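Reminder that position 283 of the sequence shown reads as 285 in the working numbering, one-by-one numbering, no gaps. Every residue, glycine too, gets a C-beta built ideally from N, C-alpha and C. If you're wondering where the values come from, they're calculated on a predicted model, not measured in any experiment. Down below is the structure, laid out as structure tokens.
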Amino acid sequence: MKRVFSGVQPTGNIHLGNYLGALKQFVELQEDYQCLYCIVDMHAITVPQDPKELRKHILDVAALYLAVGVDPEKSIVFVQSDVPGHAELGWILTCSSYTGELSRMTQFKSKSKNKESAPTGLFSYPVLMAADILLYDTDVVPVGTDQKQHIELCRDLAIRVNNTKKKTFVVPEGRYLKAGARIMSLDDPSKKMSKSAENIHSRISLLDEPSKIKKSIMKATTDSEGVIRFDVDEKPGISNLLNMYSVLSNKTIDDVVGMYEGKGYGDFKKDLVEITVEALKPIKERFDDIRESEELIKILKSGAERANAISEKTMARVKENFGLGLK
Numbered sequence: 003m004k005r006v007f008s009g010v011q012p013t014g015n016i017h018l019g020n021y022l023g024a025l026k027q028f029v030e031l032q033e034d035y036q037c038l039y040c041i042v043d044m045h046a047i048t049v050p051q052d053p054k055e056l057r058k059h060i061l062d063v064a065a066l067y068l069a070v071g072v073d074p075e076k077s078i079v080f081v082q083s084d085v086p087g088h089a090e091l092g093w094i095l096t097c098s099s100y101t102g103e104l105s106r107m108t109q110f111k112s113k114s115k116n117k118e119s120a121p122t123g124l125f126s127y128p129v130l131m132a133a134d135i136l137l138y139d140t141d142v143v144p145v146g147t148d149q150k151q152h153i154e155l156c157r158d159l160a161i162r163v164n165n166t167k168k169k170t171f172v173v174p175e176g177r178y179l180k181a182g183a184r185i186m187s188l189d190d191p192s193k194k195m196s197k198s199a200e201n202i203h204s205r206i207s208l209l210d211e212p213s214k215i216k217k218s219i220m221k222a223t224t225d226s227e228g229v230i231r232f233d234v235d236e237k238p239g240i241s242n243l244l245n246m247y248s249v250l251s252n253k254t255i256d257d258v259v260g261m262y263e264g265k266g267y268g269d270f271k272k273d274l275v276e277i278t279v280e281a282l283k284p285i286k287e288r289f290d291d292i293r294e295s296e297e298l299i300k301i302l303k304s305g306a307e308r309a310n311a312i313s314e315k316t317m318a319r320v321k322e323n324f325g326l327g328l329k
């Protein structure tokens, strides 16, 4: 079977954009691929973290993986820092990357904007992301469209090494959703939905209560035209909500637009609230069942052992081709 790898940072509650852009794919892919799904805690420390809170969020994300439908019998679920190969390969790939290509990463430019200096980890974390992927001879990477530039960097690094160090890495392909792949902020549809945004109503988290979901959607930015139609350039707010509605209801955007012909934003938003609450209800129930269970820790420990077994084979080949260590 071909292999899939992807990961999510444990930096707060996973939101609807994460779910529709990546996690929904996780569940679909595990039927046809060998899948490794990681909680990328080493990426989280590119900014300061409270150790106690970080460990809590690691378990939260792991429980949400299972709650959305990831099956630990079919997929390997583990914590990034429990597999030493991630850091080891990250350094090796750092030595094969260039400051110019890393400085062009749009996410780095966005996060370091108007700052005199930025953490080195923030600058180089796309290389660690590449290591995460290449460590497992990954064929397919399911991610949101905002990660496309990072996937291209990963491919470039793999090809660069392969051209000078024999056939060291499998060159992966990104898998991106089209409709709904990038859910935008509810209060500013020019920006993607984010866990770190100050306004809690800019996002819908998977564990939000129905009252919070209702308030966030009803407050969502639209426009003064009052006509429900899909036009990202002229009507980014309502187009973002149409994306959400389409993916959560399994209807096409054209079908949704047709349903609300002649109706106003109020009716549309009320129905979107209902659809969103119903879609997230079973996820929250499953999360509550597993979050404090011993089963969760056992799954993560077993997943780390299985991931290590794969990564050690890759690292043996990498070290051989780079001339590292003694035979």
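Check your understanding: Thinking C-beta only, is VAL85 closer than 8 Å to ALA64?
Key -> Within the sequence shown, the letter at position 62 stands for residue 64. Within the sequence shown, the letter at position 83 stands for residue 85. The answer is no: Cβ separation not under 8 Å.
Exercise for review: Look at the Cβ atom of VAL259, then the Cβ atom of ARG231, and state whether they are nearer than 8 Å.
Suggested key: For the purposes of this step, residue 259 is taken as residue 257 along the sequence shown, with counting starting at 1. For the purposes of this step, residue 231 is taken as residue 229 along the sequence shown, with counting starting at 1. Yes, these two residues count as a Cβ contact at 8 Å.
Check your understanding: Whose C-alpha, out of LYS167, SER196, PRO12, is nearest the C-alpha of LEU56?
Key -> Here residue 56 refers to the residue found at position 54 when the sequence shown is read from its first residue. The shortest C-alpha separation from LEU56 is found at PRO12.
Exercise for review: Pull up the distance between the alpha-carbon of GLU276 and that of SER218, whole angstroms please.
Suggested key: The residue given as residue 276 occupies position 274 in the sequence shown. The residue given as residue 218 occupies position 216 in the sequence shown. Roughly 13 Å between the two C-alpha positions.
Practice item. Please name the residue, chosen from LEU326, ARG5, THR101, ALA306, that lies closest to VAL42 on a Cα-to-Cα basis. Key: Here residue 42 corresponds to residue number 40 of the sequence shown, with the count starting at 1. Considering only alpha carbons, the answer is ALA306.
Practice item. Output the boundary residues of the beta strand (DSSP E) element that contains SER77. Key: One-based indexing of the sequence shown puts residue 77 at position 75. That run of the beta strand (DSSP E) goes 77-81.
Check your understanding: Does the beta-carbon distance from LEU159 to SER99 come in below 8 Å?
Key -> Numbered from its first residue, the sequence shown carries residue 159 at position 157. Numbered from its first residue, the sequence shown carries residue 99 at position 97. A contact, by the Cβ cut-off of 8 Å.
Review point. Does DSSP classify ASP44 as helix, strand or coil?
Key: Reading the sequence shown from its first residue, position 42 is the one you call residue 44. Reading off the sequence, residue 44 comes out as Met, not Asp. It is helical.
Point to revise | Identity of the residue in ILE206, THR316, ILE47, VAL81 nearest ASP62 by Cα | key: Within the sequence shown, numbered from 1, the residue matching residue 62 stands at position 60. With distances taken between Cα atoms, ASP62 lies closest to VAL81.
Review point. Apart from the five residues just before and just after SER204, which ones in its own chain have a Cβ nearer than 6 Å to its Cβ?
Key: Within the sequence shown, numbered from 1, the residue matching residue 204 stands at position 202. Hits under 6 Å: SER187, LEU188, ASP189.
Point to revise | Cutoff 6 Å; reference ILE255; Cβ partners in own chain excluding five residues on either side | key: The count along the sequence shown starts at 1 and reaches residue 255 at position 253. Around ILE255: PHE232, LEU244, SER248.
Practice item. Determine which residues share a DSSP beta bridge with PHE7 and list them. Key: By 1-based counting over the sequence shown, the position of residue 7 is 5. Bridge partners of PHE7: LEU38.
Review point. Taking C-beta to C-beta, are LYS150 and GLY123 nearer than 8 Å?
Key: Against the sequence shown, residue 150 aligns to sequence position 148. Against the sequence shown, residue 123 aligns to sequence position 121. Result no, Cβ atoms of LYS150 and GLY123 do not sit closer than 8 Å.
Practice item. Output yes or no for whether 8 Å exceeds the beta carbon distance between GLY14 and LYS221. Key: Taking the sequence shown and counting its residues from 1, the one referred to as residue 14 is at position 12. Taking the sequence shown and counting its residues from 1, the one referred to as residue 221 is at position 219. No, Cβ-Cβ distance for GLY14 and LYS221 is not below 8 Å.
Practice item. Please say whether TYR267 and GLY228 have beta carbons closer to each other than 8 Å? Key: Here residue 228 refers to the residue found at position 226 when the sequence shown is read from its first residue. Here residue 267 refers to the residue found at position 265 when the sequence shown is read from its first residue. Yes, the Cβ-Cβ distance between GLY228 and TYR267 is below 8 Å.
Point to revise | Cβ pair TYR35, GLY9 closer than 8 Å | key: If you number the sequence shown from 1, residue 35 lands on position 33. If you number the sequence shown from 1, residue 9 lands on position 7. No, the pair does not count as a contact, with Cβ atoms beyond the cut-off.
Exercise for review: Since I believe PHE28 is in contact with VAL143 (beta carbons under 8 Å), could you give me their beta-carbon distance rounded to a whole number of angstroms?
Suggested key: If you number the sequence shown from 1, residue 143 lands on position 141. If you number the sequence shown from 1, residue 28 lands on position 26. 11 Å between Cβ atoms; not a contact.
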